[in-house]
Amino acid sequence: MNVILHIGAPKTGTSAIQFFLNENRNRLKKHGFYYPEHNFDPNNVSGGHASFGALLVEGNLEEAKALLKQWLNEAKACNCRLLLSAEAMYRRPESVVSLFEGHELGVLAYFRHPLESLISNHNQSIKRHYSTLTLDDFLYKQVGVNNRGVNGQIFFDWQKVLKDDQLTVRPYYFPTFHKGRIELDFLKRIGIEGWAANRFKLKKRKINTSYTEGALEIKRLLNGVLNPEKNRESIVIDRVLQGYSDKSNNKLDIGKKQAVNTAVFNAISDRYQRSMERMRDNLLAFCPDDFMRPQTVAPLAQTEARKSLEDVISAYKELCRQEPELMERLQLRLADKLQSEERDEIPYAQLKLAEMMGLPVREPKPKPPLPSNALDVFLSENSKPVDYLREISKWLERYGDTESACEVLDKAIEIAAKGENKKALQRLRKTYQQRLETLNEED
Numbered sequence: 003m004n005v006i007l008h009i010g011a012p013k014t015g016t017s018a019i020q021f022f023l024n025e026n027r028n029r030l031k032k033h034g035f036y037y038p039e040h041n042f043d044p045n046n047v048s049g050g051h052a053s054f055g056a057l058l059v060e061g062n063l064e065e066a067k068a069l070l071k072q073w074l075n076e077a078k079a080c081n082c083r084l085l086l087s088a089e090a091m092y093r094r095p096e097s098v099v100s101l102f103e104g105h106e107l108g109v110l111a112y113f114r115h116p117l118e119s120l121i122s123n124h125n126q127s128i129k130r131h132y133s134t135l136t137l138d139d140f141l142y143k144q145v146g147v148n149n150r151g152v153n154g155q156i157f158f159d160w161q162k163v164l165k166d167d168q169l170t171v172r173p174y175y176f177p178t179f180h181k182g183r184i185e186l187d188f189l190k191r192i193g194i195e196g197w198a199a200n201r202f203k204l205k206k207r208k209i210n211t212s213y214t215e216g217a218l219e220i221k222r223l224l225n226g227v228l229n230p231e232k233n234r235e236s237i238v239i240d241r242v243l244q245g246y247s248d249k250s251n252n253k254l255d256i257g258k259k260q261a262v263n264t265a266v267f268n269a270i271s272d273r274y275q276r277s278m279e280r281m282r283d284n285l286l287a288f289c290p291d292d293f294m295r296p297q298t299v300a301p302l303a304q305t306e307a308r309k310s311l312e313d314v315i316s317a318y319k320e321l322c323r324q325e326p327e328l329m330e331r332l333q334l335r336l337a338d339k340l341q342s343e344e345r346d347e348i349p350y351a352q353l354k355l356a357e358m359m360g361l362p363v364r365e366p367k368p369k370p371p372l373p374s375n376a377l378d379v380f381l382s383e384n385s386k387p388v389d390y391l392r393e394i395s396k397w398l399e400r401y402g403d404t405e406s407a408c409e410v411l412d413k414a415i416e417i418a419a420k421g422e423n424k425k426a427l428q429r430l431r432k433t434y435q436q437r438l439e440t441l442n443e444e445d
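Heads up: the sequence shown runs through residues 3 to 445, numbered per our numbering.
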């Protein structure tokens with residue numbers, strides 16, 4: 003039997019394709035394709051034929067064969083070719099191909115610019131895996147790394163286990179899609195276009211778009227207080243933010259580009275240039291010149307200012323509107339963290355979230371450099387141990403460690419000779435004690 007597999011790659015419009023194919027199952031049958039039905043979440047996001055993919059991931063090839071046999075029989079019964087879609091197949095070329103022995107197999111995939119794929123990976127790490135890294139911090143860790151998940155190497159692994167004409171890899175590049183829709187590009191790959199394609203139902207609103215920058219930022223901040231062992235919280239937040247983003251992204255100017263640190267942008271672009279050229283020269287069905295450069299991101303100096311704070315607040319308000327009880331619980335959880343942790347040990351992201359939630363915060367103090375007059379005291383031949391202790395206590399207090407400053411002053415007072423020097427130390431100690439008591443009252 004003729005079988006067509008859509009394998010991704012991840013973050014190349016797979017959810018949109020799967021929703022479109024599932025919505026048009028009957029229309030596909032009229033064109034000779036059987037697409038087994040699958041489920042969706044409230045935002046119309048699906049893993050496609052995830053049941054088949056899960057068996058592959060688990061290495062349960064016998065059950066995968068049984069499920070595949072069922073689908074093949076269903077396709078045969080309606081005299082159709084079998085059409086499947088699941089990203090879980092992407093990294094398992096040998097296992098997948100072994101299941102289709104005796105069948106005529108075709109594999110369709112899309113390839114995205116590596117830098118854009120890495121940014122999608124960052125977004126996914128925040129959406130699903132509780133990451134709190136900023137984009138620049140995430141990308142900085144990718145400098146010098148050649149990630150085979152995004153550099154196209156996996157497609158060459160597929161090429162090794164397929165015949166010459168069985169693999170088709172298209173650039174994930176909206177300007178080349180008919181009407182800018184990947185769903186219509188996919189139809190064309192399986193031989194449906196023109197008037198016939200126009201009869202397929204295609205929602206104007208796009209499915210499973212990327213989080214808006216504001217939605218991504220509020221999820222990043224919330225990850226610091228979410229409990230991974232209570233993943234229901236994150237699932238609920240993702241549902242709200244995905245719906246918010248889908249609505250917002252359909253109104254946004256898609257021409258705007260995301261800003262990336264210039265040095266990191268150049269380093270990663272240079273790192274993957276050879277991979278891009280290899281894909282262009284050996285695998286891509288075609289490759290426009292512009293595809294060789296990232297289209298949705300740019301160096302910081304080349305991007306327009308965005309109203310990102312406004313978007314963050316808007317996304318936060320939407321969460322409060324739809325899930326007030328959950329957001330109140332998270333606010334109380336953050337308030338407890340602020341009370342129980344030392345001020346300088348609280349991550350900046352949590353302080354940022356606290357301000358958004360209306361919680362009182364004390365700003366962390368930067369480590370001050372050693373004052374020049376203190377250095378003079380340390381280097382002076384006339385200085386004594388009590389002078390060293392006095393300057394250390396001042397430095398500690400400026401740093402925010404008033405309690406340690408008081409302890410050091412106590413030692414200085416203990417060894418100081420009687421007179422004005424000792425009285426001055428005692429006055430300073432009294433001042434620090436008053437500050438310390440005030441801080442303790444706040445706690």
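From the three backbone atoms N, C-alpha and C, an ideal C-beta is built for every residue, glycine too.
Practice prompt. From the DSSP output, in three-state form, read off Y175 for me.
Written response: Coil at Y175, not helix or strand.
Worksheet item: Nearest CA to the CA of H51: which residue from Y37, L186 and D43?
Response: When only C-alpha atoms are compared, the closest one is Y37.
Practice prompt. Pull up the distance between the alpha-carbon of K432 and that of K413, whole angstroms please.
Written response: Computed Cα separation, rounded: 14 Å.
Discussion item. Between which residues of its own chain and K203 is the CB-CB distance below 7 Å, once the five residues before and five after are set aside?
Written reply: Closer than 7 Å at the Cβ level, and outside the excluded window around K203, lie E25 and N26.
Discussion item. Give me, in chain order, the residues of the same chain whose beta-carbon lies closer than 7 Å to that of A66; leave out the 5 immediate sequence neighbours on both sides.
Written reply: F54, L57, L58 and L101.
Fill in: Residue burial classification, L141 (beta-carbon count within 10 angstroms, cutoff 16)
By the Cβ neighbour-count rule, L141 is buried, with 16 or more other Cβ atoms within 10 Å of its own.
Practice prompt. Label G146 either buried or exposed according to how many other C-beta atoms from any shown protein chain fall within 10 Å of its C-beta, with 16 as the threshold for buried.
Written response: So G146 ends up on the exposed side.
Practice prompt. For Y318, count neighbouring Cβ atoms within 10 angstroms of its own Cβ and tell me buried if that reaches 16, exposed if not.
Written response: By the neighbour-count definition (other C-beta atoms within 10 Å, threshold 16), Y318 is a buried residue.
Worksheet entry | DSSP state of Y274 mapped onto helix, strand, coil | Three-state result, Y274: coil.
Worksheet item: Along the chain, which unbroken stretches of the alpha helix (DSSP H) at least 4 residues long are found entirely within the region 358-442?
Response: Entirely contained in the region 358-442, the alpha helix (DSSP H) runs reaching 4 residues are, in chain order, 374-381, 387-401 and 404-417.
Worksheet item: For T211 versus S247, is the C-beta spacing smaller than 7 Å?
Response: At a Cβ-Cβ threshold of 7 Å, T211 and S247 count as neighbours.
Worksheet item: Which residues in the same chain have their Cβ closer than 8 Å to the Cβ of S127, if we skip the five residues on either side of it in sequence?
Response: Answer for S127: S133, L135 and F140, listed in chain order.
Worksheet item: Is the beta carbon of Q72 sitting closer than 7 Å to the one on V109?
Response: No, the Cβ-Cβ distance between Q72 and V109 is not below 7 Å.
Fill in: Supposed close pair A111, F157 - CB separation, criterion 8 Å
Yes, A111 and F157 are in contact; Cβ-Cβ is about 7 Å, under 8 Å.
Fill in: Stretch pair the region 114-131 + the region 74-94: three plus CB contacts closer than 8 Å
With the cut-off at 8 Å, the region 114-131 and the region 74-94 do not touch.
Worksheet item: Do V163 and V238 have their C-beta atoms closer together than 7 Å?
Response: Not closer than 7 Å, so no.
Worksheet item: Got a sec? Which residues, its chain only, sit under 6 Å from Q333 by beta carbon, not counting five neighbours each side?
Response: Cβ neighbours of Q333 within its own chain (closer than 6 Å, five residues either side excluded): M359.
Worksheet entry | Nearest to S277 (by Cα), restricted to the options G151, P366, L391 and R331 | Check the Cα spacing between S277 and each of G151, P366, L391 and R331: the tightest is with G151.
Worksheet item: Are K354 and L223 closer than 7 Å when you measure CB to CB?
Response: In this structure, K354 sits near L223, with a CB-CB distance shorter than 7 Å.
Discussion item. Looking at the secondary structure, which residues open and close the alpha helix (DSSP H) in which I184 lies?
Written reply: Taken as a continuous stretch (DSSP letters only), the alpha helix (DSSP H) holding I184 covers I184 to R191.
Discussion item. I'd like to know if the region 112-121 and the region 12-22 are in contact, where contact means that at least 3 CB-CB pairs between them fall below 8 Å.
Written reply: Short answer: they touch.
Practice prompt. Can you tell me which of K78, G182 and D187 puts its alpha carbon nearest to the alpha carbon of R207?
Written response: Nearest option by C-alpha distance: G182.
Discussion item. Between the region 296-312 and the region 261-268, can you find at least three pairs of beta-carbon atoms closer than 8 Å?
Written reply: The region 261-268 is in contact with the region 296-312.
Practice prompt. Determine the closest residue to Q161 out of K143, D187, T214 and L107, with distance taken between C-alpha atoms.
Written response: With distances taken between Cα atoms, Q161 lies closest to L107.
Discussion item. Taking the alpha-carbon of T170 as reference, which of G10, I417 and E344 has the nearest alpha-carbon?
Written reply: Nearest C-alpha to T170: G10.
Worksheet item: CB-CB under 7 Å to R280, same chain, minus the five flanking residues each way: which ones, in chain order?
Response: The residues are G154.
Discussion item. Taking a contact to mean a Cβ-Cβ separation below 7 Å, would you say V379 touches S395 in this structure?
Written reply: The Cβ atoms of V379 and S395 do not sit closer than 7 Å to each other.
Practice prompt. Could you pull out every residue in the same chain whose Cβ sits closer than 8 Å to the Cβ of C322, ignoring the five residues on either side in sequence?
Written response: Closer than 8 Å at the Cβ level, and outside the excluded window around C322, lie M329.
Worksheet entry | Alpha carbon of C408 to alpha carbon of R429, nearest angstrom | So the two alpha carbons sit approximately 11 Å from each other.
Discussion item. For H40, tell me which candidate among K32, H33 and G49 has the shortest Cα-Cα distance.
Written reply: The shortest CA-to-CA distance from H40 to any of K32, H33 and G49 is the one to G49.
Item to complete: Work out the CA separation of P44 and Q324 for me, nearest whole Å.
Response: Per the coordinates, the alpha-carbon of Q324 lies some 14 Å from the alpha-carbon of P44.
Worksheet item: From what residue to what residue does the beta strand (DSSP E) around Y112 run?
Response: Where Y112 is concerned, the enclosing beta strand (DSSP E) stretches over E106 to F113.
Worksheet item: For R83, which of helix, strand or coil comes out of DSSP?
Response: Here R83 sits in strand by DSSP.
Worksheet item: What residues match up with H40 in a beta bridge as DSSP calls it?
Response: Per DSSP, none; premise fails for H40.
Worksheet item: Rounded to the nearest angstrom, how far is the Cβ of L218 from that of N123, given a contact under 8 Å?
Response: Not a contact, Cβ separation roughly 13 Å.
Fill in: Alpha-carbon spacing of N423 relative to A351, whole angstroms
So the alpha carbons of these two residues sit roughly 44 Å apart.
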